[in-house]
Each structure stands twice: as C-alpha cells, then as structure tokens.
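**Q**
Chains as they are written, first to last, in the numbering used here: chain A, 1 to 82; chain B, 83 to 503.
#1: So that I know if they touch, is there some Cβ in chain B lying closer than 8 Å to that of residue 18 of chain A?
#2: Note the first and the last residue of the continuous beta strand (DSSP E) segment covering residue 221 of chain B.
#3: Excluding the five sequence neighbours on either side, which residues of its own chain have a C-beta within less than 7 Å of the C-beta of residue 158 of chain B, listed in chain order?
#4: For residue 480 of chain B, which residues in the same chain have their Cβ closer than 6 Å to its Cβ, ignoring the five residues on either side in sequence?
#5: Using the C-alpha atoms, what's the distance from residue 366 of chain B back to residue 127 of chain B?
#6: Would you report the Cα separation of residue 182 of chain B and residue 98 of chain B, rounded to the nearest angstrom?
#7: Considering only C-alpha positions, which residue in the set B:205, B:243, B:254 and B:242 is nearest to residue 229 of chain B?
#8: When the Cα atoms are used, what is the spatial distance from residue 532 of chain B to residue 285 of chain B?
#9: Report back the beta-carbon spacing between residue 314 of chain B and residue 299 of chain B to the nearest angstrom; my notes put them in contact at under 8 Å.
#10: Quick one: is residue 65 of chain A near chain B, going by C-beta distance under 8 Å?
#11: How many angstroms separate the CA atom of residue 45 of chain A from the CA atom of residue 456 of chain B?
#12: I'd like the span of the alpha helix (DSSP H) that includes residue 469 of chain B, first residue to last.
#13: Check the Cβ of residue 473 of chain B against every Cβ in chain A and list those closer than 8 Å, keeping chain order.
#14: For the segment 196-215 of chain B and the segment 377-396 of chain B, state whether three or more C-beta atom pairs, one from each stretch, are separated by less than 8 Å.
#15: Whole angstroms is fine: what's the gap from residue 1 of chain A's alpha carbon to residue 9 of chain A's?
#16: Could you tell me which chain B residues have their CB closer than 7 Å to the CB of residue 34 of chain A, listed as they occur along the chain?
#17: Please report the distance separating the alpha-carbon of residue 369 of chain B from that of residue 48 of chain A.
#18: Mind listing the chain B neighbours of residue 30 of chain A? Cutoff is C-beta to C-beta under 8 Å, in chain order.
#19: Among B:224, B:478, B:305 and B:190, which one has its Cα closest to the Cα of residue 212 of chain B?
#20: Assign residue 178 of chain B to one of three DSSP states: helix, strand, or coil.
#21: Using a Cβ-Cβ cut-off of 8 Å (strictly less than) and excluding sequence neighbours within five positions of residue 118 of chain B, which residues of its own chain qualify?
#22: Quick check on DSSP: helix, strand or coil for residue 10 of chain A?
#23: Buried or exposed: where does residue 36 of chain A fall if 16 or more other Cβ atoms within 10 Å of its Cβ makes it buried?
#24: Starting from the beta carbon of residue 431 of chain B, find every residue of chain A whose beta carbon is closer than 7 Å, and list them in chain order.
#25: Name the two residues that bound the continuous alpha helix (DSSP H) containing residue 269 of chain B.
#26: Using 8 Å for Cβ pairs, my map puts residue 222 of chain B next to residue 195 of chain B. What's the rounded Cβ distance?
#27: Name the chain A residues whose beta carbon is nearer than 9 Å to that of residue 379 of chain B?
#28: Report the residues of the segment 415-440 of chain B with a CB closer than 9 Å to any CB of chain A, ordered along the chain.
#29: Under 8 Å Cβ to Cβ from residue 411 of chain B, same chain only, skipping five residues before and after it: list those, please.
#30: At what residue ranges does the segment 416-493 of chain B contain a whole run of the beta strand (DSSP E), taking only runs of 3 or more?
#31: Taking 8 Å as the threshold (beta carbon to beta carbon), is residue 502 of chain B in contact with chain A?
#32: Enumerate in chain order the residues of its own chain whose CB-to-CB distance from residue 225 of chain B is below 6 Å, with the five nearest sequence positions on each side excluded.
#33: Can residue 475 of chain B and residue 436 of chain B be called in contact, C-beta distance under 8 Å?
#34: Is there a Cβ of chain B sitting closer than 8 Å to that of residue 49 of chain A, yes or no?
#35: If we cut at 8 Å on Cβ distances, does residue 176 of chain B have a partner in chain A?
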C-alpha cells in the first residue's frame, strides 16, 4: 500500500487534462493551482511529472515531443469510459 | 597519475545499457554513484558480521569487529576533513540531519540572532528558521547576488555581538558558487558567533580542512561522496560538542540512568557517542570509510582538478548556446562542477529538458535534476516562481564523467533548442 501521494497526483494530472486537453508540460504545471486538493508535492512539479509518466505507461495519456516541449493528451478517460 | 578511465570502471552502474541506451549520469549533486569498493565493504558487513556495534553494546566476536570497523571509519572521516580528533565526528543520516542537530542543540537566547543566506538549501535555512521562531530570536538573511555570490560587507552588517549562529552553504547546489567561508568565519568569530557550514556540495569535490577554516560545525552528506545513501557526518569542535545538548536521546548515548527515590538521573556519554542514539547503520559507516579511502587514494586535489577540467568544457559549451539562461555565475573561478540552466522560452518547461535528455535521445539517457533544488528562496530572489512550476535543470559532474559525455550532452542540448526554435 502506498502513501496515496502518487494516486492523488495521478488524479491531479487527469483533472488538469479534463480541463485542457492536450496540454504542454508548462501548462500542466501552471494549472495545478486549480486543483490544490489533488496536486500535492514540491512546487517544482516533479511529482506531477512522475504521475503523468505513470499515466503514459498505463496508456491513458499519450506524450508527444513538439516544438512546445512535451504535449500530454488524455486519450482514454477511465472515469467516463469505464 | 590518475587513469580516469580506470576510475570509471569502478562504477558498474555505468556499464549497463538501461532499456537499450547508454547512461550518462549528471546528477551527482543529488547522489553520487558508488564504486564497487564501497558496496563490497557493505556486503562484507552483511555477509560476515551483521552484528551490533557501538559503545560497549555487544562484546562478542562479531560485535567487537563491527565496533572496530565502524570506529576505524570514523578515524578515516576525521582524516578526510582534517579534524583534530575522531571524537569530533558524529554519524548522521545526511547533512540535513546534521543541520537539524546543530540548530536544535546549540544554546541560544531570545536576545541573540541567527544569520543565514538566501542561497541556503532548505536544510540549511529551515532548521535555523524554526529554532529562531521557537526561541523568539531574530532571523537575519544575507542576500546572495543574482549570480550566487556574496558581498562580505553584507555579513559585516548582519553579524553583530548578539549573533549566536551563522549558517552558511560552502558550495551552492544551484549556482555552484563557492562562498568565501574563511573570511566569513573570521567576521563571525570577531563577534564570538558560531559558524555552521553546509559542506554537502563542497566536501565530495575538493579538499576540506576544517582546522584551517576554523569552522565550528560542518555537515556532510556522504552519499554525495561515493558513500552509501542515508549516511552523513557532523563535524564539531570538541569543546562545542561537549557543551551542546542532544537532539536525540535513548540507547547507546548513556553511561547510566540511575533510578533513585522515584527520580531518573541520566548520565550521558561524552561526544561523539552522546549524539548517536540507538542502533546505528554500521554497514553505512563502513561504506563511508571505504568511500573516504577511495577518494583519498585518488587525492582530493586530483578530484578537484579533474572536475574543473570537465566543468570548463561543459560551461564553455553551454555559454555558446543562445537559447538557455545559466542560473548563477558564468565564471569558472570558485565554482563547483555543476551548471543549472533553463531554456529561454515562454512555452517550454525545465522539466521538458530533463525528460528530453532521459527519454528522447537515440542512444543515450542523460540523467539530470529538474526543479528548484530545494533552494526556493533563491529562485524567488532571482525572479523565478517555483509556485508556478518554474525552475531549472542542473547538470552536475563527478569523477566518473568524461569529456565525451559532455560532448554528447552539448549536442543533445543543441538539438533540443533547435526543435523548440
């Protein structure tokens, strides 16, 4: 059983991408303010990045390299698509 | 003469392909890699000893050898930093723990003040901030310039006869700048203030002589100096250690706990043991001893010179790139072997750089730290906003890095910048 920290940050990334999809890394970090109860950890954003990478591994989010840096896209929403 | 490619062979982590790619490790300011000599020593403890050491705890054969090797490691650390006496060396988990011990164990009164700087790691600032808050002491901050340097006259203004403690980072983990510690210590001592230096980023990379510096307390993170993770050292002048209170108490720190007439009367051991409560990380201590042996066999001057050569190539190469902003000084002089930077871009994050380097290169994974490196006050002071996810990327070097790796990194950074236009 984990501390729940990672799960919260996963929910944080999902909440952000439901608001703006796709979003750049910079946008994701800036939008954390909208979900303070979910987006926890150091202000520098490493925890949210790790959560995003976890979602990529699960196939829920796709990450693409673009001229705006990495673009994160929610391609399957476990909440609405079951 | 040191044959550096043979040194590199002592670090098998670098021999592996990680998911098919060659590793380039540029995150030694966070955690150094470990030479085989260190983990073989740790393995020796677990394979052949696995027993209690410590102040007279277990006197059987395995316990005796454990105590002996752990105390030998303490002697080696004393030699490594040129302490007068091994009793001045206290084992901790890391520099952070050392700073917390120091902040909470030195007597201070309400009318005294604590001086620190805007360039401190949170570990060098918060323990003292909290102590000052608890006691009601004034907490003073000397501001570093935008390039991470100090003006000695600022210390002269902030330190006065009521200053009890000056807490100062010797080499910054963000800007790499090296503070004029000797001069600051002289200013502090003129006012009878104690100086506590954070040596986490200095001691692994250059000769540290605590006697010559005349520093009162110095803390080290040995996991940044080829040692095992979770091992640190607090050095303190013996007289000061004797008068300091303990932050942790319990087993191993006492001579006796008398129970008389319904009252407890503890009699504590002298330093260093009065600071080392409970069963210790004996394997870690021995690993630190092996790490110190390893570095001293190379020679700390050699380590320093090698890193300066690597840094020269890295810094010059980065200065040629227009799309990045280097955080801190761009000079080579008085600088540790690390460079923090961020892309000059409104849309790209510092995290994009570290992810690109780790994930997107065809043949390599370059590992660096992205963030604010636990020095948020300095970030705010130079106009960066950690609260909005702004930060920098840090490339930090050590003895196993090569000129070829720096070449690969500079090429990758150029490609990155070209992509983002």
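All C-beta atoms, glycine included, are put in the ideal place defined by N, C-alpha and C. Because the structure is a prediction, the values reported are computed rather than measured.
**A** So, from the data block:
#1: no
#2: 220-224
#3: 371, 374 and 375
#4: 110 and 114
#5: 9 Å
#6: 38 Å
#7: B:254
#8: Because chain B in this structure spans residues 83 to 503, residue 532 of chain B falls outside the shown range and cannot be described.
#9: Residue 314 of chain B to residue 299 of chain B, Cβ: 13 Å. No contact.
#10: yes
#11: 12 Å
#12: No alpha helix (DSSP H) contains residue 469 of chain B, which DSSP labels as neither H nor E.
#13: 44 and 45
#14: no
#15: Bear in mind that the predicted position of residue 1 of chain A carries a pLDDT of just 43, short of 50, making it too unreliable to give a figure here.
#16: Result: empty, since nearest Cβ-Cβ is about 13 Å, beyond 7 Å.
#17: 34 Å
#18: 470 and 471
#19: B:190
#20: helix
#21: 92, 93 and 94
#22: helix
#23: exposed
#24: 25, 26, 29 and 69
#25: 263-272
#26: 6 Å
#27: In chain order: nothing, as chain A lies at least about 36 Å away.
#28: 425, 427, 428, 429, 430, 431, 432, 433, 434, 435, 436, 437 and 438
#29: 229, 230, 231, 257, 258, 259 and 417
#30: 420-425, 446-449, 451-453 and 474-478
#31: yes
#32: 200
#33: yes
#34: yes
#35: no
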